[in-house]
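S.K.: Residue numbers (my numbering): 13 to 354.
This is the structure I want to talk about, given as structure tokens.
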DNA sequence: CTACCTCGAGCTCA
DNA sequence: CTCGAGGTAG
């Protein structure tokens, strides 16, 4: 099985510009050069994949550098082979050779001595690039690693790193939403996994164990990944009210309601539930059936310029056509449902 | 109905 | 970066 997460495909055609093109579009081309065209974030795996981890001198791919890289290739749950190398970053300071500061040494155990004889990234770039091939990359918050690799491959080889990837942190947040945190450390404890953290190869092993535990859990508990692969907006028409709470004397009873804008006191689904309990019915768009349009705040919402959403404009037109439709302010709406929310 | 955009909140990586 | 809650266009 091989799911694909939908993503806007911002493919940029490069270098077709002629010298006579106006400045405006040249600037656009220029800005596009800094967009990373990465692979796709997956939620399930093909048979072959590579677990990867980097140690770096910091968080920022722009200023910081890779000091260790490790990968393990798997076929299913079986380890095939691995790749490991220290990487020598550019030294800092004067005479004495310093590659990493105390904080990073303390965190990772990697010292200047270990990097003196290490290859630079450009020396391993080809071998690593070939090793990774077009395999799916697995890692914890793997975007971090992908971004470092992307920049380094681009710089050293002039090519983009476009491999698809699976992020165990994303998977964990979906599978175990009740965990307070989803750091690798937390999952290591949660699943009782042994091993010292912050060494690249160890972290690969830990990440792989986390991965298989998560996949087992997802399998056993029928976790719905489809929802994240094809996100759907909540369908208000699917709501069913509690009949015992129906209030035939309420003006909303038996009427069709639509919301626009952001409500102060509720998310829309909860407000819709209240309407349904009264005995009303909620829809997602203004139609010939609509009796009430409830207006939340439109200020923050993009594309609503003149203070009127398209729902509001449509409603005003229908009212002119004689439809039994009233536009309610948010506070009027609260007055109407007051009795039902106790 | 389906697809895609946008914003803010919350979080993890060395 | 991802998700959820809002929007629009076709």
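Each residue gets a CB set at the ideal place from its N, CA and C atoms; glycine is no exception.
Quick caveat: nothing in here was measured; it's all calculated off a predicted structure.
Among residues of its own chain, excluding the 5 on either side of residue 120, which ones have a beta-carbon nearer than 7 angstroms to its beta-carbon?
M.R.: Numbered from its first residue, the first chain carries residue 120 at position 108. Cβ within range, chain order: 67, 210, 211.
S.K.: What's the gap between the Cα of residue 262 and the Cα of residue 246?
M.R.: As a position in the first chain, residue 262 is number 250, starting the count at 1. As a position in the first chain, residue 246 is number 234, starting the count at 1. Rounded to whole angstroms, residue 262 to residue 246 spans 26 angstroms at the Cα level.
S.K.: Measure how close the beta-carbons of residue 69 and residue 101 come, nearest whole angstrom, since I'm counting them as under 8 angstroms.
M.R.: Along the first chain, read from residue 1 onward, the residue named residue 69 stands at position 57. Along the first chain, read from residue 1 onward, the residue named residue 101 stands at position 89. Right, the Cβ-Cβ distance comes to about 6 angstroms (below 8 angstroms), so this counts as a contact.
S.K.: Between the C-alpha atoms of residue 40 and residue 214, what's the straight-line distance to the nearest angstrom?
M.R.: Translated into the one-based positions of the first chain, residue 40 becomes position 28. Translated into the one-based positions of the first chain, residue 214 becomes position 202. The predicted position of residue 40 is uncertain, since its pLDDT is 44 and thus under 50; a value taken from the coordinates is nonetheless stated next. When rounded, the distance between both Cα atoms is 43 angstroms.
S.K.: Would you check if the distance between the CB atom of residue 124 and the CB atom of residue 111 is smaller than 9 angstroms?
M.R.: Start at 1 with the first residue of the first chain, and residue 124 comes out as number 112. Start at 1 with the first residue of the first chain, and residue 111 comes out as number 99. Taking 9 angstroms as the Cβ cut-off, residue 124 and residue 111 qualify as a contacting pair.
S.K.: Check for me: the beta strand (DSSP E) holding residue 85 runs from which residue to which?
M.R.: The residue given as residue 85 occupies position 73 in the first chain. Residues 78-87.
S.K.: Spell out the partners DSSP gives residue 162 in its beta bridges.
M.R.: What you label residue 162 is simply residue 150 of the first chain in a count that begins at 1. For residue 162, which the question treats as bridged, DSSP gives no partner whatsoever.
S.K.: Determine the extent of the alpha helix (DSSP H) in which residue 143 is found, giving its start and end residues.
M.R.: Numbered from 1 along the first chain, position 131 holds the residue referred to as residue 143. Element bounds for residue 143: 133-144.
S.K.: How many angstroms separate the CA atom of residue 147 from the CA atom of residue 191?
M.R.: Walking along the first chain from the start, residue 147 turns up at place 135. Walking along the first chain from the start, residue 191 turns up at place 179. In a straight line, the C-alpha of residue 147 is about 30 angstroms away from that of residue 191.
S.K.: With a CB to CB cut of under 6 angstroms and the five nearest residues on each side skipped, what residues in its chain are close to residue 94?
M.R.: Residue 94 sits at position 82 when you count from the first residue of the first chain. Around residue 94: 84.
S.K.: Can you name the start and end residues of the alpha helix (DSSP H) that residue 102 belongs to?
M.R.: What you label residue 102 is simply residue 90 of the first chain in a count that begins at 1. First-last for residue 102: undefined, no H or E at that position.
S.K.: My assumption, with CB atoms under 8 angstroms, is that residue 136 sits in contact with residue 99. Please give the rounded CB distance.
M.R.: For the purposes of this step, residue 136 is identified with residue 124 of the first chain, where counting begins at 1. For the purposes of this step, residue 99 is identified with residue 87 of the first chain, where counting begins at 1. The Cβ separation is near 7 angstroms, so the contact holds.
S.K.: What did DSSP end up calling residue 335 once you bin it into helix, strand or coil?
M.R.: Numbered from 1 along the first chain, position 323 holds the residue referred to as residue 335. It is coil, neither helix nor strand.
S.K.: Helix or strand or just coil, what does DSSP make of residue 49?
M.R.: To locate residue 49, count along the first chain from 1; it is residue 37. Coil.
S.K.: Taking the Cβ atom as the reference point for each residue, do residue 296 and residue 338 lie within a distance shorter than 9 angstroms?
M.R.: Position 284 of the first chain, counted from the first residue, corresponds to residue 296. Position 326 of the first chain, counted from the first residue, corresponds to residue 338. Cβ atoms of residue 296 and residue 338: not closer than 9 angstroms.
S.K.: If the criterion is Cβ atoms closer than 9 angstroms, does the pair residue 230 and residue 187 meet it?
M.R.: The residue you call residue 230 lines up with position 218 of the first chain. The residue you call residue 187 lines up with position 175 of the first chain. Cβ atoms of residue 230 and residue 187: closer than 9 angstroms.
S.K.: Quick check: what's the CA-CA separation for residue 217 versus residue 166?
M.R.: Translated into positions along the first chain, residue 217 becomes position 205. Translated into positions along the first chain, residue 166 becomes position 154. Distance between the alpha carbons of residue 217 and residue 166 is about 28 angstroms.
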